[in-house]
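Single-structure report; data block below.
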Amino acid sequence: MHMRELLEQIETRQAAARDLADRLREQITQFAAQLAEAERRLERLEIARETLLEIAQDTDTGDLDPLPSAYSQILVLFKALRSGSYGRGTSSSA
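In my numbering, the protein residues as written are 7 to 100.
The structure is reproduced here in structure tokens:
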């Protein structure tokens, strides 16, 4: 192999390495922006959680409204269906 061929191969490899480095830099920029957004969201959620806990501590939970009766009846029905007790004692013979 001649010196010229070796230099051409090195130049080809340099160009490929340069392209890869450019693509990786672009990805790093994108990842940094995504990370910054995720960190901002996490901070907002942490603040919301802390605020909710503060409000819960300051609020007397005895003043909470009871569930509407229809909602309570639906919950009872779901529990009965889940336990398999709904419909026992009723048979439908055809």
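Heads up, the beta-carbon is just placed ideally off N, CA and C, and yes, glycines get one too.
How long is the line joining the alpha carbons of residue i and residue j, rounded to whole angstroms?
i: L30; j: T18; result: 18 angstroms
i: Q15; j: H8; result: 11 angstroms
i: Q33; j: A86; result: 54 angstroms
i: V82; j: S75; result: 10 angstroms
i: S99; j: S78; result: Residue confidence for S99 is low, a pLDDT of 48 falling below 50, so the modelled location carries little weight and cannot support an answer.
i: L12; j: Q20; result: 12 angstroms
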